[in-house]
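Numbering (the working numbering), first residue to last: -7 to 175.
We put the CB at the ideal spot given by N, CA and C, even for glycine.
Worksheet for the structure shown next.
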């Protein structure tokens, strides 16, 4: 198993959350009573799992290893991915701010929540496609087999030392809770 396989498995979890978030935004727009906490929990998942764990592995381990192998960090696929990670953080921040305003009774924040959620979903769907089909195959080609085990170990370090033991289980449970809640 290649180190990028770990990232692709994490993409499948993130895609589940994207679908849940899309449904939540659609239901909110159609007038269904969706609690602001749903979007706050979704923002927590994004910050803790998608950004805090998954993107940390990419930005802290995979991308630097690819740069070592001659892939430019500016422009090209790595530059695009870094830019999209930052856009995702901005959309998540906006979604969280809108949900907090909704929670405080500001019904005008509903549009902010809906639009930020949809922007995030659309961005990440395209982002995941590019990583799965362009960036990760490139990484698999340029990172020598002899370095793959070190990348894997570095991912494990991020998983257990930097983000904390049990992070996957915690966020998988949150994703499942939100999926059940939105059905």
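query	result
Compare the Cα-Cα distances from residue 122 to each of 17, 60 and 74 and report the closest residue.	74
Mapping the DSSP letters down to three states, classify residue 65 as helix, strand or coil.	coil
Residue 28: buried (16+ other C-beta within 10 angstroms of its C-beta) or exposed?	buried
Since residue 122 is in the alpha helix (DSSP H), which residue starts that stretch and which ends it?	102 to 122
Distance check for residue 53 and residue 146, CA to CA, integer angstroms please.	7 Å
Using a threshold of 8 Å, state whether the C-beta atoms of residue 105 and residue 91 are closer than that.	yes
Quick check: what's the CA-CA separation for residue 31 versus residue 118?	21 Å
Can you find at least 3 beta carbon pairs, one from the region -7 to 6 and one from the region 120 to 139, that sit closer than 8 Å?	yes
Note the first and the last residue of the continuous alpha helix (DSSP H) segment covering residue 142.	137 to 149
For the alpha helix (DSSP H) containing residue 30, name the first residue and the last one.	28 to 37
Please classify residue 102 as buried or exposed, where buried requires at least 16 other C-beta atoms within 10 Å of its C-beta.	buried
From residue 153 to residue 45, what does the alpha carbon distance come to, in whole angstroms?	11 Å
Determine, using beta carbons only, whether residue 49 and residue 150 come nearer to each other than 8 Å.	yes
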